[in-house]
Amino acid sequence: MSQDLAGQKLVVVGGTSGIGKAVAQVILSRGGAVVLIGKRGDRLHSATNDLSPLGKVFAEQADITNPGERNDLIARINANHADATLLVNAAGVFLPKSFLEHTEADYDLYLNLNKATFFITQAIAKNMVDRAQGGAIVNIGSMWAKQAVQATPSSAYSMAKAGLHSLTQHLAMELASHKIRVNAVSPAVVETPIYEGFIPADQVHSVLQGFNSFHPIGRVGRVEDVAEVVSFLLSEQAAWVTGAVWDVDGGVMAGRNQYS
């Protein structure tokens, strides 16, 4: 594996599982160091143990939707990880519910994550600007921000992800002069622990198989599918790519099949 990311440090918000953890694994395998940010101490400890054999791993625990914990996290980032050159915003939650059933608490769940993403990204971008060595940021968006799916009603979630797509483009414009690139990926159905919020963990795999035929490529995504694209966008191989929101979706946005 290439060591082209040696000397780089990646902060992964939501790095203890799913796409975030998979990205961290790829970056470590390519010589970079990673900072995992997670809410649950047990998952943070487990992910750190899993990834540490691959390289230098730091761990920072925080509930980023809690203003006090978020501000404390930002202070720790500024004190200990101001040298971060890469950022992936992968924290997320997904709880399908119809528009008419949404409560204010449901809405706040998603929008508070967006607020946290905004200000954590701002803090890290300020450090990148101060160091004047450029950087790269990738946001994990969603196909649902572009296309509604009847089987998975998700108006508030999709509204939040659409905002993240828009933030990606605005930051790309504002930070380009500082040699900081900002992109996003827009996955369709990817098998991750996010679905454990409403599907028993031991049933997630079997339930998601019903969406295989929904994707023209014939299967749901694996975290590695998305992580490899994200790592490319973080690398200098994508030096002329900024402001992009890439569909990493098995062809769903090209044309949707029926699902069972």
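Here the sequence shown is numbered in the numbering used here, starting from 1 and rising by one per residue.
Glycine included, each C-beta is placed from N, C-alpha and C at the ideal position.
Query, Result
"Beta strand (DSSP E) segment containing Arg181, residue limits", "Ile180 to Pro187"
"Phe119 and Ile74 closer than 8 Å at C-beta", "yes"
"Residue span of the beta strand (DSSP E) that contains Ile199, given as start and end", "Unbroken run through Ile199: none, as it is neither H nor E."
"Exposure of Pro67, with buried meaning 16 or more beta-carbon neighbours within 10 Å", "exposed"
"Cα-Cα separation, Ala62 to Ser142", "24 Å"
"Counterpart residues of Ala47 in DSSP-defined beta bridges", "DSSP lists no partner for Ala47."
"Own chain, CB closer than 6 Å to Leu233, minus 5 neighbours either side, in chain order", "Val138 and Asn183"
"C-alpha gap between Gly15 and Ala91, whole angstroms", "7 Å"
"Nearest-angstrom Cα separation, counted from Ile27 out to Ala59", "15 Å"
"Nonlocal neighbours in the same chain, by C-beta distance under 7 Å from Val230, ignoring five residues either side", "Val23, Val88, Val138 and Val185"
"Continuous beta strand (DSSP E) stretch holding Lys9: start and end", "Lys9 to Val13"
"Separation of Ser17 from Gly41, as counted between CA atoms", "12 Å"
"Nearest-angstrom beta carbon gap, Val207 and Ile194 [assumed within contact, 8 Å]", "Not really, about 13 Å apart at Cβ, beyond 8 Å."
"In DSSP terms, what Asp225 is bridged to", "None; Asp225 has no bridge partner."
"Cutoff 7 Å; reference Lys161; Cβ partners in own chain excluding five residues on either side", "Gly141, Ser142, Trp144 and Ala145"
"Which of helix, strand or coil DSSP assigns to Trp246", "strand"
"Separation of Ser52 from Ala176, as counted between CA atoms", "33 Å"
"Inter-residue Cα distance where the pair is Ile19 and Phe99", "27 Å"
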